[in-house]
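*Asks:*
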Amino acid sequence: MSEPSSDIALIGLAVMGQNLVMNMNDHGFTVSVYNRTGSVTDEFMAGPAKGSKVVATKTVKALVATLKSPRRVFILVKAGAAVDAVIDELTPLLDKGDIIIDGGNSHFPDSQRRFDQLKEKGIRFVGSGVSGGEEGARRGPSIMPGGDPEAWPYIKDILQSVSAKVDGEPCCDWVGEGGAGHYVKMVHNGIEYGDMQMIAEAYDLMKSGLGLSADELKSVFEGWNKGVLDSYLIEITAEIFGLKDEDGSPLVDKILDAAGQKGTGKWTSNSALDLGMPVTLIGEAVFARALSSLKNERERASRALSGPQAAFSGEKQAFIDDVMLALYASKIVSYAQGYMLLREASKEYGWKLNFGSIALMWRGGCIIRSRFLGDIKKAFDKNPELENLLIDDFFRKVIDESQGGWRKTISNAALLGIPTPCMSSALSFYDGYRRDRLPANLLQAQRDYFGAHTYERTDKKRGEFFHTNWTGRGGNVSSRSYNA
44 MSEPSSDIAL
54 IGLAVMGQNL
64 VMNMNDHGFT
74 VSVYNRTGSV
84 TDEFMAGPAK
94 GSKVVATKTV
104 KALVATLKSP
114 RRVFILVKAG
124 AAVDAVIDEL
134 TPLLDKGDII
144 IDGGNSHFPD
154 SQRRFDQLKE
164 KGIRFVGSGV
174 SGGEEGARRG
184 PSIMPGGDPE
194 AWPYIKDILQ
204 SVSAKVDGEP
214 CCDWVGEGGA
224 GHYVKMVHNG
234 IEYGDMQMIA
244 EAYDLMKSGL
254 GLSADELKSV
264 FEGWNKGVLD
274 SYLIEITAEI
284 FGLKDEDGSP
294 LVDKILDAAG
304 QKGTGKWTSN
314 SALDLGMPVT
324 LIGEAVFARA
334 LSSLKNERER
344 ASRALSGPQA
354 AFSGEKQAFI
364 DDVMLALYAS
374 KIVSYAQGYM
384 LLREASKEYG
394 WKLNFGSIAL
404 MWRGGCIIRS
414 RFLGDIKKAF
424 DKNPELENLL
434 IDDFFRKVID
444 ESQGGWRKTI
454 SNAALLGIPT
464 PCMSSALSFY
474 DGYRRDRLPA
484 NLLQAQRDYF
494 GAHTYERTDK
504 KRGEFFHTNW
514 TGRGGNVSSR
524 SYNA
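Positions in the sequence shown are counted from 1; adding 43 to them yields the numbering used here.
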């Protein structure tokens, strides 16, 4: 039997897995592969991997036998039970110090559980977010590894070599312990939901509000991609508007307006609720997809419910410019909220996340890659303890300069009856965050009135609670006295 010679193994040869294997191969690493359906392996070896150094195996045991020590096994299978099944099959074949990397879209509590369970057995687990889709996997994705820090020195060279590069810097760095890698990927995906919905709102405003054609929209988005909104999603949106169907009409107009989702946006929103962070924009993006899925119900409602009939009568280019400012300002709020969530999770789970490094990881390879992320990195480089992106000098100035167009866009949307859930919620959040006094004093009075939940006073020290017998019939016992 020959000596083990492979640097890393990969289990799961769907398109992402195949492309990542060939990426590793291109960078000089010897990769062993295994797929549960053997014919997929055969087709891969006869196709993309033909003539490469890739080593095909027919069993997990044979796969493990090809690996140098410490063994490194990268899993790219469907999140959930399939990952656990592969880990259960792998574990008896591995030694202490060997490394399992889950590169799928796993939920971070699952990664934390796997980290804890495998640590007890001496196996180093890494849960790594991988973003960029099929093209990213082949040419250079954004990679967000977290888990057992002892594994990082043994996988750093491979992961950073195959990752995307921006200004020579790899879009891959160690994130933190336990489920940190998949948490950061989850927030990335939530921000992606928000970006996509805001772009869709801008599209709707210009198509429904101004009547722009697909070709005109293509031109607008191409222009935006040359400025501050330069990003992958703006770039592909312009290309989408340019693609014609077989009859010469824009393909985008024939696509049913019912969006799907795989759950990562919902995970982000749920985590925000769990941690008490007002990540309103991502939540609205998730709900917008849910509303779109009610296609039949919306069609019936469209015949029964009324709305504004007036068309926009102002200057067209000014409207387009205002929409661009609204999109830019709302995007800033979205990322500010995302980083608020990362900050709170970092404290809650003890991860000590490096926010500037995360921005660098997202600058290339991933779906939300954009010029804008370089500005976020600069903000955290300047002040690693930055409380909120909105307070940074650069972003504060952008918001100041964008507010007029932002507010006009939301006003026009309401007057035209065009829904802008994400842009509107971004503005509401901004207006709430910038106020030193909100109407929550009335909420506290109401809660104390009906439930004796107590309140704090503006003329007393924080942490001191009071209860009022509002009706004269309720007594003076507060809910704090009898909470179970």
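Glycine included, each C-beta is placed from N, C-alpha and C at the ideal position.
1) Can you tell which of G252, A302, I242 and V295 has the C-alpha that lies nearest to the C-alpha of Y275?
2) Pull up the distance between the alpha-carbon of N484 and that of H510, whole angstroms please.
3) Report the three-state DSSP secondary structure of V116 (helix, strand or coil).
4) What residues in its chain sit with their C-beta under 8 angstroms from that of V107, if we drop five residues either side in the sequence?
5) Looking only at its own chain, which residues have a Cβ that is under 7 angstroms from the Cβ of E265, when we skip the five neighbours before and after it?
6) Return the first residue and the last residue of the alpha helix (DSSP H) that L458 is part of.
7) Take every Cβ of the segment 318-326, pair it with every Cβ of the segment 383-401, and state whether three or more of those distances are shorter than 8 angstroms.
8) Quick one: grab the DSSP three-state call for F330.
9) Would you kindly work out how many angstroms separate the C-alpha atoms of K101 and S314, rounded to a whole number?
10) Could you check if A245 is buried or exposed, using at least 16 other CB atoms within 10 Å of its CB as the buried criterion?
11) Please report the distance separating the alpha-carbon of S349 from that of A369.
12) As a quick exercise: from V263, C215 and Q304, pick the residue whose alpha carbon is nearest that of Q240.
13) Do you know how far the Cα of V376 is from the Cα of I234?
14) Could you tell me the distance, in whole angstroms, from the CA atom of T501 to the CA atom of W513?
15) Short of 8 angstroms in beta carbon distance, which residues of its chain neighbour C465, apart from the five on each side in sequence? Order them along the chain.
16) Since I283 and V295 should fall inside the 8 angstroms C-beta cutoff, what is the C-beta to C-beta distance between them, to a whole number of angstroms?
17) Buried or exposed, going by whether 16 or more other CB atoms sit within 10 Å of the CB of Q61?
18) With a CB to CB cut of under 7 angstroms and the five nearest residues on each side skipped, what residues in its chain are close to D191?
19) W531 to F87, Cα distance in whole Å?
20) For N78, count neighbouring Cβ atoms within 10 angstroms of its own Cβ and tell me buried if that reaches 16, exposed if not.
*Replies:* Quick look at the numbers:
1) Sequence index remark: in the sequence shown, residue 275 carries index 232 (1-based). Selected option, being the one with the closest Cα: I242.
2) In the sequence shown, the residue the question calls residue 484 occupies position 441. In the sequence shown, the residue the question calls residue 510 occupies position 467. Roughly 13 angstroms separates the two Cα atoms.
3) Counting from 1 along the sequence shown, the entry for residue 116 is found at position 73. In the three-state DSSP reduction, V116 falls in the strand class (E or B).
4) Taking the first residue of the sequence shown as position 1, residue 107 is located at position 64. The answer, listed in chain order, is A52, R114, V116, L133, L136 and L137.
5) Counted from its first residue, the sequence shown places residue 265 at position 222. Residues A281 of the same chain have their beta carbon placed closer than 7 angstroms to that of E265, with the five preceding and five following residues left out of the count.
6) The residue given as residue 458 occupies position 415 in the sequence shown. Run containing L458: D436 to L459, per the alpha helix (DSSP H) assignment.
7) For the pair of segments examined, the segment 318-326 was found to touch the segment 383-401: the number of CB pairs separated by less than 8 angstroms reaches three.
8) Counted from its first residue, the sequence shown places residue 330 at position 287. The three-state reading of DSSP puts F330 in helix, counting H, G and I together.
9) By 1-based counting over the sequence shown, the position of residue 101 is 58. By 1-based counting over the sequence shown, the position of residue 314 is 271. K101 and S314: Cα-Cα distance of roughly 40 angstroms.
10) Indexing the sequence shown from 1 puts residue 245 at position 202. Looking at its Cβ environment, which holds 16 or more other Cβ atoms inside 10 Å, A245 is buried.
11) By one-based count along the sequence shown, residue 349 stands at place 306. By one-based count along the sequence shown, residue 369 stands at place 326. So the two alpha carbons sit approximately 26 angstroms from each other.
12) As a first step, residue 240 must be located in the sequence shown, where it is residue number 197. Of V263, C215 and Q304, the residue nearest in Cα terms is Q304.
13) Reading the sequence shown from its first residue, position 191 is the one you call residue 234. Reading the sequence shown from its first residue, position 333 is the one you call residue 376. Rounded to the nearest angstrom, the two C-alpha atoms are 10 angstroms apart.
14) As a first step, residue 501 is located in the sequence shown; it is residue number 458 there, counting from the start. As a first step, residue 513 is located in the sequence shown; it is residue number 470 there, counting from the start. Spanning the two alpha carbons is a distance of roughly 19 angstroms.
15) Position 422 of the sequence shown holds residue 465. These residues qualify, in order along the chain: G237, Q240, M241, E244, L324, E327, A328, A331, S373 and S377.
16) Within the sequence shown, residue 283 is the residue found at index 240, counting from 1. Within the sequence shown, residue 295 is the residue found at index 252, counting from 1. About 6 angstroms separates the beta carbon of I283 from that of V295, a gap short enough to meet the 8 angstroms contact definition.
17) For the purposes of this step, residue 61 is identified with residue 18 of the sequence shown, where counting begins at 1. The residue is buried, with at least 16 neighbouring Cβ atoms inside 10 Å.
18) To locate residue 191, count along the sequence shown from 1; it is residue 148. Within the same chain, D191 has close Cβ partners F158, K162, R167, F168 and V169.
19) Beyond the ends of the chain as shown, which are 44 and 527, falls residue 531; an answer cannot be given.
20) Here residue 78 corresponds to residue number 35 of the sequence shown, with the count starting at 1. By the 10 Å Cβ count, N78 comes out buried.
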